[in-house]
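Asker:
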Amino acid sequence: MSTDTTTLPVGRYAYDQVDRTFLSQRVAQFREQVARRVAGDLSEDEFKPLRLMNGLYLQLHAYMLRVAVPYGMMGSDQMRALAHIARTYDRDYGHFTTRQNMQFNWIRLEDTPDILELLARVDMHAIQTSGNCIRNVTCDEFAGAAADELLDPRIHAEILRQWSTLHPEFSFLPRKFKIAISGSPHDRVAARFHDIGLVARPGPQGRPVFDVFVGGGLGRTPIIGVKLRDNLPEEDLVAYLEAIVRVYNAYGRRDNMYKARIKILVQALGVEAFREKVDAEFALMNRADYRLDPAIVAGIRARFGIPPLEAPADADRTLAAARRTDPAFDRWVRTNTHPHRHEGFICAVISVKPDGGIPGDITADQMDLVADLADSHSFGEIRVTHMQNVVLGHVRKDQLHELWQKLVAARLATPNIGLVGDIIACPGLDYCALANARSIPIAQKLSARFANPELQERIGPLNINISGCINACGHHHAGHIGILGVDKRGQEFFQLTLGGSAGGDVAIGQILGPALPEDETVDAIARLIDTYLVLRHDNEQFLDTYRRLGAASFKDAVYAPA
Amino acid sequence: MDVRNNRRDETGASVITANRLLDGRIVWLSAQGWSELISHARVFGNSEIESAIKQASTAAAARTVVGIYGVQLDPDAAGITPLTVRERIRAFGPTVHPDFAPVETQDVH
Ligand code: HEM
Ligand code: SF4
């Protein structure tokens, strides 16, 4: 394997022959298991855990395959493979999830071994995208690019991926386990809504240190993670995480799946007692076995391709001129870009939330286009965001206008990032076997209702998050406005929560009142937003108005329309 | 199986459903076997549905499907229409993609 990072795929970890052999053996194994199931040699009860270990669920209408995108990073070749799978084996589209993965909703069991083989050819798989194990580690969508970044979290995300993949001790935890890592002081990964959230920064001598949060999560019992320790040195990262997961594995409840997450354990023991147990485990471990020496980290880092960031000196001026002459472009730059650490570059967010569209759904043709644009404008590198959008991480400022024009043509330039139209929605009752109500139609109606970009900018930052059931895959507790589908005798109702936030000012939304029938929900939310526009101080954001005034001011608008 | 799926009144009528093993698609028990169309489904009175589900589950054809259960019908609807939103979506396809609704095929097996 070459260690010349300029020839490696940019932004992601380069597989070697060992990784590839492992994947192809795994595909062959699953092919065999599928054949045995089809022949009737395995019952559904025997087969189900085997398919789940390969990310294959049985959902409402068909099998659903969840493909892992490690920390949301992929290459154009991988995106093209996903497009090919969508076209050949699905109904021409895929769906980005809040955990930075991609799901296909219309997969046939029979085709799955072939699909996994296609994925393996581009160094992808669906391992540990399901089951009670450590799931895909998520990270900042602007990793390695953001101007505000202190430390590139992908290197440690990759280390954790390698540590957790098929970890023999952690393949059957009490429940699924989610880790997120950020290297920016601005939390873009919802670190405190994860089983373990890590916030990295440079410590003494520039060596990374980590703040470790534990026991956060959404679902039936939403809890904000607590800080377990500050300044964990890099060399102890794996040992300390292993100690945490070991304590969870030993003490986490297995009798009741609703109480099996680490958040319940941390609450039950109390943070102090939990920390003592972790520290005791940590003290017993042979730390030398786990030590992350700088050489090991450097070896991992060396397998990430580094983009050659060279832009003309007047890139900035070219961009400014284009913004002056094209107001629609100017608006998109305001809403859909993020400052890059390199002067001549910028991060572009491709909204996968067209007005009235299905949040996170992307067609095969759009995937191919994104792959082409990644090649032409971002060193072949693509990131999936936890908001179900896509980021091109390193776009030259002088080429941004051209990129935007191509996105406009493909309906991928909706200027709504962070605004009302940027709704997170889980698949809900249209696809999900666990759902109580549909999420997608509410998202579609809301985003169509607020399609006017001027209105969206006037309303300002506002996250609407929708889940079709209490599992909270759509993060409704963390939405400024959260919408939760509930079932009342077979009919859809929606409960509103207000004031949630996933960022640095993390909060769990408060339930506003009784759930609303489906046909009243969108109007009620529109009235709620109108009320905010009336009550806000100059340029005050929704969350601040809500925090200043409390729920009462909004209750009337929702429940007692004039 | 989720109890919610088996919730039904004492009176009324139900049909029997499952997912096909090979492709996961929703199927309904018809007089000739499992069909993709609910309009082909055989309608049972709720008093006989439990034994019909049991029978369907032990039949040889049960090997080709997974998750067999009964679905209560809406007594006021014109055709064969499930009572709950969930089962209507299963029967008629995702509401957000009318183009993905099940289509008439001869595929009864
Ligand atoms: C359609 C198949 C899906 C199934 C069966 C499913 C199942 C679940 C379940 C059972 C939980 C609750 C876990 C617990 O509290 O122990 C959960 C939580 C969650 N799921 Fe999903 N989910 C699905 C799709 C998705 C999608 C599409 C996303 C992203 C859009 C997602 C992201 C999440 C997140 C973020 C949580 C909350 C995690 C937490 O509590 O820490 N899931 N899911
Ligand atoms: S929140 Fe519920 S309905 Fe939505 S995807 Fe998760 S499990 Fe399904």
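Residue numbers (the numbering used here), protein chains in the order written: chain A, 12 to 573; chain B, 1483 to 1591. No residue lacks a Cβ here, since even glycine has one placed at the ideal position from N, Cα and C.
Please list, in chain order, all residues of the same chain as A:D134 whose beta carbon is under 6 Å from its beta carbon, the five residues on each side excluded.
Answerer: Taken in chain order, the residues that qualify are Y26.
Asker: What are the residues that DSSP puts in a beta bridge with A:V497?
Answerer: Bridge partners of A:V497: A:F504.
Asker: Can you tell me whether A:D498 is buried or exposed, with buried defined as 16 or more other CB within 10 angstroms of its CB?
Answerer: Buried, since its Cβ has 16 or more Cβ neighbours within 10 Å.
Asker: At a threshold of 7 Å, does B:L1519 count as lining the ligand NAP (C-beta to nearest heavy atom)?
Answerer: As presented, the structure is devoid of the ligand NAP, carrying the ligand HEM and the ligand SF4 as its sole ligands.
Asker: Assign B:S1529 to buried or exposed, taking buried as 16 or more other Cβ atoms, counted over all protein chains shown, within 10 Å of its Cβ.
Answerer: Looking at its Cβ environment, which holds fewer than 16 other Cβ atoms inside 10 Å, B:S1529 is exposed.
Asker: Where does A:H353 sit, in a helix, a strand or coil, going by DSSP?
Answerer: Coil.
Asker: Within the 8 Å Cβ cut-off, does A:H136 reach chain B?
Answerer: Not closer than 8 Å to any Cβ of chain B, the Cβ of A:H136 fails to qualify, so no.
Asker: Rounded to a whole number of angstroms, what is the C-alpha to C-alpha distance between A:F340 and B:I1498?
Answerer: Taking the straight line from one Cα to the other gives about 54 Å.
Asker: Assess, as a yes-or-no matter, whether the region 210-225 of chain A is touched by the region 171-190 of chain A under the definition of 3 or more beta carbon pairs within less than 8 Å.
Answerer: The region 171-190 of chain A is not in contact with the region 210-225 of chain A.
Asker: From A:Y301 to A:I166, what does the alpha carbon distance come to, in whole angstroms?
Answerer: Computed Cα separation, rounded: 16 Å.
Asker: What residue range is occupied by the uninterrupted beta strand (DSSP E) comprising A:E392?
Answerer: It spans E392 to V395 - the beta strand (DSSP E) in which A:E392 sits, taken as one unbroken run.
Asker: Once DSSP output is grouped into helix, strand and coil, what is the label at A:N474?
Answerer: Residue state, collapsed to three classes: coil.
Asker: Using the Cα positions of A:P528 and B:L1555, report the straight-line distance between them to the nearest angstrom.
Answerer: Roughly 22 Å between the two C-alpha positions.
Asker: Hey, would you say the C-beta of A:S450 is under 7 Å away from at least one heavy atom of the ligand SF4?
Answerer: For the ligand SF4, at least one heavy atom lies less than 7 Å from the Cβ of A:S450.
Asker: Give a yes or no on whether the minimum CB-CB distance between A:E57 and chain B is below 8 Å.
Answerer: No - not a single Cβ of chain B is within 8 Å of the one on A:E57.
Asker: In three-state terms, what does DSSP make of A:G432?
Answerer: It is coil, neither helix nor strand.
Asker: Quick check: what's the CA-CA separation for A:G515 versus A:R199?
Answerer: Using only the alpha carbons, I get a separation of about 8 Å.
Asker: Rounded to whole angstroms, what is the Cα-Cα separation between A:E287 and A:L280?
Answerer: Taking the straight line from one Cα to the other gives about 10 Å.
Asker: Between A:R265 and A:A271, what straight-line distance do the alpha-carbon atoms span, to the nearest angstrom?
Answerer: Taking the straight line joining both Cα atoms gives about 6 Å.
Asker: Could you name the residues of chain B that A:D441 contacts, counting a contact when the two beta carbons are closer than 7 Å?
Answerer: Simply I1571, P1576, T1577 and V1578.
Asker: With a cut-off of 8 Å, does the C-beta of B:L1494 fall near any C-beta of chain A?
Answerer: The amino acid occupying residue 1494 of chain B in the given sequence is Gly; Leu does not appear at that position. Chain A contact via Cβ: absent.
Asker: So with Cβ pairs under 8 Å, would you call A:G51 a contact of chain B?
Answerer: It does; some Cβ of chain B falls within 8 Å.
Asker: Classify B:A1559: buried if its beta carbon has 16 or more other beta carbons within 10 angstroms, exposed otherwise.
Answerer: B:A1559 comes out exposed.
Asker: Taking 8 Å as the cut-off, decide whether the C-beta atoms of A:F41 and A:P124 are in contact.
Answerer: Their beta carbons are under 8 Å apart, which means A:F41 touches A:P124 by this criterion.
Asker: Nearest to A:L445 by alpha carbon, out of A:G479, A:N427 and A:G429?
Answerer: Checked all of A:G479, A:N427 and A:G429; the closest Cα to A:L445 is A:G479.
Asker: Give me the chain A residues within the contact set of B:L1504, using Cβ-Cβ distance strictly less than 8 Å, ordered along the chain.
Answerer: In chain order: V49, R119, L120 and E121.
Asker: Is there a Cβ from chain B that is less than 8 Å from the Cβ of A:T43?
Answerer: The sequence given here has Glu at residue 43 of chain A, not Thr. No, A:E43 does not count as interfacial toward chain B.
Asker: Cβ of B:R1490 less than 8 Å from any chain D Cβ?
Answerer: Of the protein chains in the structure, A and B, none is chain D.
Asker: For B:V1509, which residues in chain A fall below 7 Å Cβ to Cβ?
Answerer: Here the premise fails: no neighbours, minimum Cβ distance about 11 Å.
Asker: Strictly below 7 Å CB to CB, what residues from chain A border B:V1651?
Answerer: Because chain B spans 1483 through 1591 in this model, residue 1651 of chain B falls outside it and cannot be assessed.
Asker: Note down the Cα distance separating B:E1492 from B:E1532, rounded to an integer number of angstroms.
Answerer: About 11 Å.
Asker: Give a single yes or no on whether A:L63 has its beta carbon closer than 7 Å to a heavy atom of the ligand SF4.
Answerer: Checking the Cβ of A:L63 against the ligand SF4 gives no.
Asker: Note down the Cα distance separating B:S1496 from A:R102, rounded to an integer number of angstroms.
Answerer: Those two C-alpha atoms are separated by around 31 Å.
Asker: If you draw a straight line from the alpha carbon of A:A568 to that of A:A420, how long is it in whole angstroms?
Answerer: Cα to Cα, A:A568 sits roughly 39 Å from A:A420.
Asker: At a threshold of 7 Å, does A:A446 count as lining the ligand SF4 (C-beta to nearest heavy atom)?
Answerer: Yes.
Asker: Starting from the N-terminal side, write out each stretch of the beta strand (DSSP E) that is 3 residues or longer and does not extend beyond the region 73-160 of chain A.
Answerer: Counting whole runs of 3 or more residues, the region 73-160 of chain A contains the beta strand (DSSP E) stretches 74-78, 84-86, 104-107 and 113-118.
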